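Undergrad:
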Amino acid sequence: MKKPASLTIAMAASEALPYSKSGGLADVAGALPGHLARLGHRVLLFVPYYRETRARFPHLPRAHAPLELPFPGHDVRVEMLRHEPAPGVSVLLVREDAAFDRAHLYGSPDGDYWDNAGRYALFCRAVLASLLALGEHPDVIHAHDWQTALLPLYLRQRPDFAGPLAGTPSLLTVHNLAYQGIFPASAMAYTGIPEHLFHPHGIEYYGRINLLKGGLLYADAITTVSPRYSEEIRTPAFGEGLDGVLRERSAVIHGILNGVDHEQWNPETDPFLPARYSAVAPEGKARCKEALLQAFGLDGDPAVPLFATISRLADQKGFDLIAAAVPALAARGLRYCILGSGDRHYQDLFTALARDFPGRIAVHIGYDDALAHLIEAGADCYLMPSRFEPCGLNQMYSLRYGTIPVVRAVGGLVDTVEHFDPARGSGTGFVFRDYNVTGLLWAVDEALTAFARPQDWARLRTNAMAADFSWEASAHRYADLYRSLGAHGARRRG
């Protein structure tokens, strides 16, 4: 059989590991290019050169001469830097310090930056201008979330921005529909959106502009980060006000589950762990649990179940349920630790709860990569009672590390966690349906019952560690979709 031709993919994301991170988007945008390259494709990944990026990569060469991008009232000079992290992957970093040299990526815990529309319009303009400067004509341009959703719109509606790239097929991945890039109509001019698109069937959204909506309207294909989420977002319950637009575009929506980077997340090789382990030799997990209890100052009885969460502290992640359940969780004798940051309300609330339940509940505000790996290895259960969950990555990391997920039946959690059936010895975790404390505590009690039965727990842990959610299958699905879009684009241009 003839091997399919290799593709050139231009990908744009507002964050990607190891350059920047605020959430799961960074994990995906950091991992997918390398896996596509291993399939024989070539990837040009565009990311902003933030302050935290410069701290990690202070000395990068220029990719080409600086760009002069015209905006209303003035031109903006943009420098493009280059990094070559792996064969087949080139990273182009957009440097414009007024836009990106800031303490946070999108805003502080007190609110988003007021000029985010302009910042990411600049980023999208720079992506197209840099491709033109490099003489690149990719087979597809893959945009991620609202920050890059202007790219599909520019390719179809701004030929003066796109030049020879006009008509290039585009793909938009929605990582979380709750974040849409909604701004005052006055931002129209600076974003470069044509005035004739400001109407309810265009980018207008209740008198404002909605950048994600623009991308959804003009992308040649739309993907979500799990199959279940691709169905949920076309319903009023999960559509965040855009379910009508998404139902109209149902024919081009695909659900492709995110993968897990098994090189970065592997208990057999993880450099952050005090002891490494595997499904056939799990003894090292007990040492990781001891180290985790010590790291959080929790009571150190290894026979007591240890639950954990690593997350952005937000309503979406179910922290209102967790907070309401904390007294009942503590009464059950388990230990619980949290690593994360986010809404000021939840940061303060869980800090106070940790003071109220010393030795039983602990919280670390912020993010620490080494601590995150220790949590995945040392905890017995991973608690993830999300209100909604487009995909979720930590439940898949947890499975890999033999840390049993306790999750709600939504989005990617349904696609990755099967409720444990002790009679058949099947399943990989515990799943509850209704979004309330009663449902959450039922699932926790199911986990505690299994934990008290060593034979059941050993079976469950073996099942979890055998689950395979590696990137390989997902990368193949993306490549097939790119290829179909390339054929469609060729017909359209021809």
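Numbering-wise, the numbering used here puts 392 at position 122 of the sequence shown, and it's gapless, one number per residue.
Virtual Cβ for every residue (Gly too), placed ideally from N, Cα, C.
It should be emphasised that the depicted structure is a prediction, and the values quoted were computed from it without experimental measurement.
1) Evaluate the contact criterion for the stretch 743 to 751 versus the stretch 715 to 722: three or more CB pairs, one atom per stretch, below 8 angstroms.
2) Would you kindly report the start and end of the unbroken beta strand (DSSP E) that includes G525?
3) Taking the Cβ atom as the reference point for each residue, do T443 and H466 lie within a distance shorter than 8 angstroms?
4) Can you have a look at A760 and say buried or exposed, based on whether 16 or more other CB atoms are within 10 angstroms of its CB?
5) For the beta strand (DSSP E) holding P355, just list the boundary residues, first then last.
6) What are the partner residues of D382, as DSSP defines its beta bridges?
7) Please tell me whether T808 and L663 are closer than 8 angstroms, where the distance is taken between their beta carbons.
8) Report the residue from Y667, V550, A693 and G509 whose alpha carbon sits nearest the alpha carbon of D540.
9) Please classify W727 as buried or exposed, where buried requires at least 16 neighbouring CB atoms within 10 angstroms.
10) Under the three-state reduction of DSSP, which class applies to G610: helix, strand or coil?
11) With the cut-off set at 8 angstroms, would you say L609 and I645 are in Cβ contact?
12) What residue range is occupied by the uninterrupted alpha helix (DSSP H) comprising Y488?
13) With H, G and I counted as helix, E and B as strand and the rest as coil, what does DSSP make of G756?
14) Please state whether DSSP places S740 in a helix, a strand or coil.
15) According to the neighbour-count rule (16 or more other Cβ atoms, all chains shown, within 10 Å of its Cβ), is E338 buried or exposed?
16) Within the stretch 645 to 695, note down every full alpha helix (DSSP H) run reaching 4 residues or more, in order along the chain.
17) Which value, in whole angstroms, describes the spacing of the CA atoms of I674 and I473?
18) Would the stretch 279 to 290 and the stretch 724 to 738 be scored as touching if the rule is three or more Cβ pairs under 8 angstroms?
19) Where do the ends of the alpha helix (DSSP H) carrying V515 lie?
20) What span of residues does the alpha helix (DSSP H) with T719 cover, start to end?
21) Taking 8 angstroms as the cut-off, decide whether the C-beta atoms of A396 and G485 are in contact.
22) For the pair the stretch 476 to 483 and the stretch 446 to 462, tell me if three or more CB-CB distances fall below 8 angstroms.
23) Determine whether the Cβ of I523 lies closer than 8 angstroms to any Cβ atom of chain C.
24) Just tell me which of T278, S656 and A743 has its CA closest to the CA of V530.
25) Does V550 come out as helix, strand or coil in the three-state DSSP assignment?
26) In this structure, what does DSSP give as the bridge partners for E338?
27) Could you check how far apart the C-beta atoms of Y671 and P575 are, in whole angstroms? I think they sit under 8 angstroms.
28) Just tell me which of F431, F327 and R731 has its CA closest to the CA of E553.
29) By how many angstroms is the C-alpha of G756 removed from the C-alpha of R762?
30) Considering Cα atoms alone, identify which of R517, F739, A640 and P340 is closest to L459.
31) Out of F589, G612, A280 and D704, which one is the CA nearest neighbour of G405?
32) Going by Cα to Cα distance, which pick from Q534, I580 and P628 is closest to S611?
33) Is F577 closer than 8 angstroms to L653 when the C-beta atoms are compared?
34) For the structure I just gave you, are there three or more beta carbon pairs, one from the stretch 299 to 316 and one from the stretch 377 to 387, closer than 8 angstroms?
35) Going straight from the alpha carbon of A507 to that of R657, what length do you get?
36) Between the stretch 324 to 331 and the stretch 549 to 567, can you find at least three pairs of beta-carbon atoms closer than 8 angstroms?
TA: The relevant details are as follows:
1) no
2) Sequence index remark: in the sequence shown, residue 525 carries index 255 (1-based). From DSSP, the beta strand (DSSP E) with G525 extends over I523 to G525.
3) Counted from its first residue, the sequence shown places residue 443 at position 173. Counted from its first residue, the sequence shown places residue 466 at position 196. No.
4) Translated into the one-based positions of the sequence shown, residue 760 becomes position 490. Reliability fails at A760, whose pLDDT of 48 lies under 50, so the model's placement of it is uncertain and the value that follows must be treated cautiously. With fewer than 16 Cβ atoms within 10 Å of its Cβ, A760 is classed as exposed.
5) By 1-based counting over the sequence shown, the position of residue 355 is 85. From DSSP, the beta strand (DSSP E) with P355 extends over H344 to A356.
6) Stepping through the sequence shown from its first residue, residue 382 is reached at position 112. Note: D382 sits in a beta bridge opposite G377.
7) Outside the modelled stretch of the chain, which goes from 271 to 764, sits residue 808, for which no answer is possible.
8) What you label residue 540 is simply residue 270 of the sequence shown in a count that begins at 1. Comparing Cα-Cα distances from D540 to each of Y667, V550, A693 and G509, the minimum goes to Y667.
9) Counting from 1 along the sequence shown, the entry for residue 727 is found at position 457. Buried is the call here.
10) Against the sequence shown, residue 610 aligns to sequence position 340. Three-state DSSP puts G610 in a strand.
11) Locating residue 609 in the sequence shown gives position 339, counting from the first residue. Locating residue 645 in the sequence shown gives position 375, counting from the first residue. Yes, these two residues count as a Cβ contact at 8 angstroms.
12) Taking the first residue of the sequence shown as 1, we reach residue 488 at position 218. Looking at the DSSP string, the run of the alpha helix (DSSP H) that includes Y488 is L481 to Y488.
13) Your numbering for residue 756 matches position 486 in the sequence shown. Correct three-state label for G756: helix.
14) In the sequence shown, residue 740 corresponds to position 470, counting from 1. Here S740 sits in strand by DSSP.
15) Numbered from its first residue, the sequence shown carries residue 338 at position 68. Exposed is the call here.
16) 664 to 670 and 681 to 686
17) The residue you call residue 674 lines up with position 404 of the sequence shown. The residue you call residue 473 lines up with position 203 of the sequence shown. The alpha-carbon atoms of I674 and I473 are separated by roughly 43 angstroms.
18) no
19) One-based indexing of the sequence shown puts residue 515 at position 245. Looking at the DSSP string, the run of the alpha helix (DSSP H) that includes V515 is D513 to E518.
20) Sequence index remark: in the sequence shown, residue 719 carries index 449 (1-based). Taken as a continuous stretch (DSSP letters only), the alpha helix (DSSP H) holding T719 covers V707 to F721.
21) The residue given as residue 396 occupies position 126 in the sequence shown. The residue given as residue 485 occupies position 215 in the sequence shown. No, these two residues do not count as a Cβ contact at 8 angstroms.
22) yes
23) The chain inventory of the structure shown lacks chain C, comprising one protein chain alone.
24) By 1-based counting over the sequence shown, the position of residue 530 is 260. Selected option, being the one with the closest Cα: A743.
25) Mapped onto the sequence shown, residue 550 falls at position 280. Here V550 sits in coil by DSSP.
26) Position 68 of the sequence shown, counting from 1, holds the residue named residue 338. Partner(s): R347.
27) By 1-based counting over the sequence shown, the position of residue 671 is 401. By 1-based counting over the sequence shown, the position of residue 575 is 305. Wrong, their Cβ atoms sit about 16 angstroms apart, outside the cutoff.
28) Taking the first residue of the sequence shown as 1, we reach residue 553 at position 283. Checking every option, the nearest Cα to that of E553 belongs to R731.
29) Residue 762 sits at position 492 when you count from the first residue of the sequence shown. Residue 756 sits at position 486 when you count from the first residue of the sequence shown. Its pLDDT being 46, under 50, R762 is placed unreliably in this model, and the value from its coordinates should be taken loosely. The alpha-carbon atoms of R762 and G756 are separated by roughly 10 angstroms.
30) Residue 459 sits at position 189 when you count from the first residue of the sequence shown. Note that residue 459 is Ala in the sequence shown, not Leu. Selected option, being the one with the closest Cα: P340.
31) As a working note, residue 405 is residue 135 in the sequence shown. Answer by Cα proximity: A280.
32) To locate residue 611, count along the sequence shown from 1; it is residue 341. Per the Cα distances, I580.
33) Here residue 653 corresponds to residue number 383 of the sequence shown, with the count starting at 1. Here residue 577 corresponds to residue number 307 of the sequence shown, with the count starting at 1. Yes.
34) no
35) Position 237 of the sequence shown, counted from the first residue, corresponds to residue 507. Position 387 of the sequence shown, counted from the first residue, corresponds to residue 657. Their backbone Cα atoms lie some 11 angstroms apart in a straight line.
36) no
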